[in-house]
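Put into C-alpha cells, the structure is as follows:
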C-alpha cells in the first residue's frame, strides 16, 4: 500500500516478550527530573550488549504526579526477571538516589502482573535512619541523604511486555532518512507505554544473525550487508532499491503489543510526511522466533 | 581559609587510580554527536554499582576534529583494564556505532601509556565488508551500516588516571547548595581532561563504608548520617553546622591529578560565588586508601 | 492562610485586558518547530519596552495538529489591536516564514471574537506564485520559498485576554526563591491558554510607578526599593520580612481570567513545595487600574 | 571549483555596513545566562521587519569572564546608531535586567570605535539606590532589584561591522540541504565575532527586491521564484539545477569582514561534508549596493 506517496511493504515486524518496569522519577524541577531519568536510562539500547533496554517514555507535569512535582516516566526492560530487578536496584540506586531532589514511584499501576521490592531493598542504604510513610495509598520509604530525603515506593510493578517492535525508513538520501527518523521519534514520543531505546530513538546499523565471511565465524551477529546503501552495487541480493541512499530503523519496546502497534503506526505516518522517503519496511525472522507479529499494512486499515 | 566569605576546610580529597580512556565522537551535527555521547556515558556514575564511570568531557568544534565534523570527547573509566576494554566495546559498539553518522577517534593522544584494540575488534561487525583506511596518520576502519559507513580508529589510548576527586558544598538551604553545585559543574565543564560522572555532575547522597545499625550488617556501604541535614539534630556527631541545611558533593574523575586539581579549584571558586554557601570540605579516608591527596587550601595558595 | 507551611498573603493580583493571539507553529520535527517558536516570541517580556508580550504556551504532538506534524502554540499579546496585527505580520513573517519547514495555524479556535487577515497579507510575499488551498475546513495559503512551500492559515483569531497576572515568591535565600520560581514555571507550563512572557518565565526586578528620588523625575518607572532584599535594612517601609533574602515574581498572560487563575494556583502550589519559601504575595494598584482581581487565598478555597 | 565534490560557484556575497554591539551577559549558571541571552536576541532576524539583527555569538566559561561566572556573548546590530542604542536599552533593560542573577559587560573591547552610555542610562532605574563601583578597570553600576543587585558596565563599545554575509546550500533533497545548513551553523558557531541572526541560523526563504506580478506592486520585496525548488519546472530562468530539490541560505553578521569571511569559509566547508549537497553559491546585487564583496572561491585559495 501507499501512504503519502510512500510504499509500505506488506510485511511484519517480529517482536519478543521482555520484562518491563515503568517507573516515575520526580524532582524539584523538570530539569532535575530529566537529568536523573537520562542517566538512569543511558547505556540501554539493546540487551545484546547493554545491561538493559531503557528509555524515557514521557514527561508528567506536576499537577499529575503523586507528590505534585514534575517528573519523567522511564521504562527499563530485560528478558530475565532477576536481571531486571538487579538493573532497577543499580540504575535507581546509582543514578536516581544520587541525583538532587528526586523521588521514585511505580508507574505500572494496574498493568502490573508482579511486583519487585526495589524500594524495600534500597531503603537499607538508610542504615536504620530511614522511615516508612504513606503517601495516599502508596507505601514509601524516606531515606535521609545529603540533599534531603530520598523517597521511593516500596514495590515497583512489572509485567511481560514487548521488545523489538521495528520499522525501517528508506529514503533518497541519508539526510532524508535521518529527518524522517527524527520525525518518527517525535511522533512516537507522544505514545504512552512505549520507549525507543536506541540513541535518540534511531538505529543506524542493521545486523543479521551470524556471519557470511567464514573467517568471522566467531561473530554471533554482523552487519546486514543487504541493507547497506554503500554496498548496494557490490553485494548480491541487496535489498536497497535503486533510488534509496539512506536507511534508518526505529526500534520500539513497550508495555503491551497495543502500545507498540500504536507507536509503529504514528511513527510510520510521521516518516511518510518527509520528502524523499521512498519505502517503509520491517524486520522479522519469518515468524519463527518472536510471538508478536505487527503487520505494517494492517495498522492502516 | 576563606574565599568569597566561604570557609574552606583545611582537609583533602582522597582519590584513587583508575584506568581512563578518552574518546572523541564526531557526527554530522553537534546534536547527533551529543545524542551518541550521552547514551554512551549513561549509567556510569560510580563503579560501586554501575559498570563504568563515564561522562562527557567537552565539545570540540568541527574546525578542530580529524574529520572536520563537530564532536564530543568522552571519558570512560574502570579500575580494571580488561573491564575497561569490555566497556569500550559495549558502549561504543551499542551506543555509538548504532547512532546516526558517527565516527570514533582516540583522544588520549600522547598521554596514553597503553592502547586497546577497540576499533580493530569492532570492525569484525563488518563481516569482511569493512575496509581499512588512513586519515592523516590515523589507522581507521570503515564499517558499512544502514546509515552509511561507521568509522573508528583502530586503537584507543588509555592510561592510569584519577577517580574520586571530590568536594562538598554546604549551604544555608538545599537550593543554595544546589545552585552552587550547578555553578561548580558549569565551571568544571571548562576544564580539559576531567569529567564529573554523577547525574548532572552532582551527588546528592553521601555514603560511609559499612553500617551503624547491626541489623544492616549485610550492607557494604550506607548513608553517611553525619552529613544528612535532616538528621543534624537527631544523630550524634553530626558534621552539619547549625547554619547549614543543604549539602551536595561534586565528584571528579580525570586523566591526571593536575587536571582533577584544576577542576577542584575552579569548581570551589564558582561555588563560593553563590549567596548562602557557608563551607567547602572534602572526603577522605585519613589518607590510608587513596594515593592521591588533593589539599583544598593548597589549591588557592 | 498557609499552604505547605508557606504564608499566602490575603491580597490580589491586579491584571489588565490585552489583545491576545494564539498561533500554532508546526514543522518537520519538534526541534525545528521550537526554534521558530522561540525566535518569534523573543524580545517579548513586557509592552513597557518590548514591542509585544509573547511566549510559548505548549507543545502539541504530531497526532493532534492539522498537518500531522509536531508544533508549538505561541501567544502574542498587545494592548492595541492594530499593533498586535503589526506584530503578527512581523514576527510570523520574519521569524517563522524564514524558518525551515514551518507552517502556521490559528489556535484560538472558538475562543476568538475577531480575526486578523495575517495569512492573507503575508501571502503577497508569494508574488502571485502562491496558491490558496483547503486543509479540512481551513483556508490556507501556500507560498513557494527556497525550503519548499510555507503554509499559513488565512485568518488568525484574537480576543481580549488578560495580562499581568502575577505572584511573588519570597524565600530565605536567593537560590530558594529561584528554584521555587523554576518549579512554579514548570507547573504553569502545563496550564493551557497561558504564557509567562519574561525570560524563563521569571522576573527578577520589581518596579514602582514613578520615582522617589527627585533628581530622577524623568523616569516613568523605577525599581521598587521596598521589595529589594539588599536594601531591606536601609530603606523605609521595606516589605521584605526579616527571614527573606530572595524574591522573584511570576507574570502570567492568558486567553482568559480562568486560565490565568489556574496558572496562578498551580504555580503557587509548586513554589510552596520548595524548602525555604516563606511567603507568597501579589502585586496590585489597590484595584484602581486593572479590572481583573485574582485573590490568592480564594484560589485555594 | 569543487570542495569535497561540491561545486562552489565563482561568485561573491555582497554585504553591508551595520553598527554592531558586542555584549557579555553573565549569570549564576550557564542555563540562566542562556535564557537571558536568548530572550534578548529574539525577534532579531533582519532589520527589514525586525527591530534589530541579533544573535548569540558564543559561550564564555566562568574562568574567562570579568566576574568569574559563566556567560554568553551576544551581538545586536542596526544600521542606525541611535536605533542601536535604543535597542540596547530596551533589550538589556527588559530581557536581561529582569532575568535572574544577570550582569552585563562590554565585550567589544579594543575593537570599539565609539561607546554608548547604556549602563549609565539603565542605572536610573535604580532611583538613586544604585551604586557606582569598579571591577578591575571597569566602571560598573549596581542596581538593587528583587533578585539581588543587577550589575552593568557603564559604557558599551560599538563599531561599524558587516551585515548580510551569506551563502546558499543547494542539495538533492530538502533534508540534505537542511542537515548541511545545520552542520554549517554548528561550524560557524565556533567562529568568534560573528552571529547568524535567523532562526537556528538558517534562512528558508529567499527574496528579491520588488515584484514580478504587477498586481503586487505595493510589495517592496517578494519571494525569489528563481530559487524555489517547487517552482523549478514552472518559472522562467529558474536557477535551481535539475538535481536540486532543497535550498537554504546562511546569513552572517559580524564585527568585521575578516570574521564574516572566516565564518563563510568554515560554514561552506562543513556543508560540503554532507552527502547530497550539489552546489554552493552566494547572493549579491552585482556589486552595486554593498561595499563588502566576499568571493567564495578566494576563501579556499
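Chains as they are written, first to last, in my numbering: chain A, 1 to 301; chain B, 302 to 602; chain C, 603 to 903; chain D, 904 to 1204. Quick reminder that beta carbons are idealized off the backbone N, C-alpha and C, glycines included.
Taking Cβ positions, are residue i and residue j nearer each other than 9 Å?
i, j, result
"residue 1144 of chain D", "residue 1182 of chain D", "yes"
"residue 1073 of chain D", "residue 1154 of chain D", "no"
"residue 792 of chain C", "residue 14 of chain A", "no"
"residue 215 of chain A", "residue 502 of chain B", "no"
"residue 91 of chain A", "residue 54 of chain A", "yes"
"residue 496 of chain B", "residue 357 of chain B", "yes"
"residue 951 of chain D", "residue 1016 of chain D", "no"
"residue 66 of chain A", "residue 135 of chain A", "yes"
"residue 1009 of chain D", "residue 926 of chain D", "yes"
"residue 786 of chain C", "residue 884 of chain C", "no"
"residue 1208 of chain D", "residue 1149 of chain D", "Not covered by the structure: residue 1208 of chain D. The range shown for chain D is 904 to 1204."
"residue 947 of chain D", "residue 644 of chain C", "yes"
"residue 95 of chain A", "residue 500 of chain B", "yes"
Between the Cα of residue i and the Cα atoms of the options, which residue gives the shortest distance?
i, options, result
"residue 980 of chain D", "D/1141, D/961, D/1100", "D/1100"
"residue 569 of chain B", "B/483, B/372, B/463", "B/483"
"residue 206 of chain A", "A/177, A/168, A/243", "A/168"
"residue 718 of chain C", "C/781, C/623, C/699, C/669", "C/623"
"residue 152 of chain A", "A/160, A/142, A/146, A/159", "A/142"
"residue 621 of chain C", "C/710, C/777, C/901", "C/710"
"residue 1004 of chain D", "B/437, B/481, B/445", "B/481"
"residue 856 of chain C", "C/829, C/839, C/651, C/768", "C/768"
"residue 877 of chain C", "B/598, B/602, B/531, B/600", "B/531"
"residue 404 of chain B", "B/383, B/384, B/446, B/412", "B/446"
"residue 1026 of chain D", "D/1008, D/1057, D/911", "D/1057"
"residue 986 of chain D", "D/955, D/961, D/962, D/998", "D/955"
"residue 850 of chain C", "C/805, C/611, C/827", "C/805"
"residue 284 of chain A", "A/173, A/9, A/187, A/38", "A/9"
Mapping DSSP to helix, strand and coil, what is residue i?
i, result
"residue 82 of chain A", "helix"
"residue 607 of chain C", "coil"
"residue 289 of chain A", "coil"
"residue 1047 of chain D", "strand"
"residue 525 of chain B", "coil"
"residue 497 of chain B", "coil"
"residue 132 of chain A", "strand"
"residue 931 of chain D", "coil"
"residue 158 of chain A", "strand"
"residue 336 of chain B", "helix"
"residue 248 of chain A", "strand"
"residue 516 of chain B", "helix"
"residue 341 of chain B", "helix"
"residue 619 of chain C", "strand"
"residue 1056 of chain D", "strand"
"residue 465 of chain B", "strand"
So residue i contacts chain G; which residues on that side make the cut at Cβ distance below 9 Å?
i, result
"residue 42 of chain A", "Among the chains of the structure shown, chain G does not appear; the protein chains present are A, B, C and D."
Could you say if the segment 512-530 of chain B and the segment 554-561 of chain B meet the contact criterion of at least three C-beta pairs nearer than 8 Å?
Of all C-beta pairs linking the segment 512-530 of chain B to the segment 554-561 of chain B, fewer than three are shorter than 8 Å, placing the two stretches out of contact.
Do the segment 214-229 of chain A and the segment 287-297 of chain A make contact, defined as three or more Cβ pairs closer than 8 Å?
The segment 214-229 of chain A vs the segment 287-297 of chain A: no contact.
Which runs of the alpha helix (DSSP H) at least 4 residues long sit entirely within the segment 947-1032 of chain D? Give them in chain order.
For the segment 947-1032 of chain D, whole alpha helix (DSSP H) runs of length 4 or above, ordered along the chain, are 984-998, 1021-1025.
So does the segment 1124-1138 of chain D actually touch the segment 730-740 of chain C, counting three or more Cβ pairs closer than 8 Å?
Contact between the segment 1124-1138 of chain D and the segment 730-740 of chain C is established, with three or more Cβ pairs separated by less than 8 Å.
In the segment 251-290 of chain A, which residue ranges form an unbroken alpha helix (DSSP H) of at least 4 residues, counting only runs that do not cross its ends?
Taken in chain order, the complete alpha helix (DSSP H) segments of 4 residues or longer contained in the segment 251-290 of chain A are 257-272.
Complete beta strand (DSSP E) runs within the segment 468-494 of chain B (minimum length 3 residues, chain order)
Runs of the beta strand (DSSP E) inside the segment 468-494 of chain B: none found.
Contact between the segment 627-639 of chain C and the segment 933-942 of chain D (3+ Cβ pairs under 8 Å)
Fewer than three Cβ pairs drawn from the segment 627-639 of chain C and the segment 933-942 of chain D lie within less than 8 Å of each other, which leaves the two stretches out of contact.
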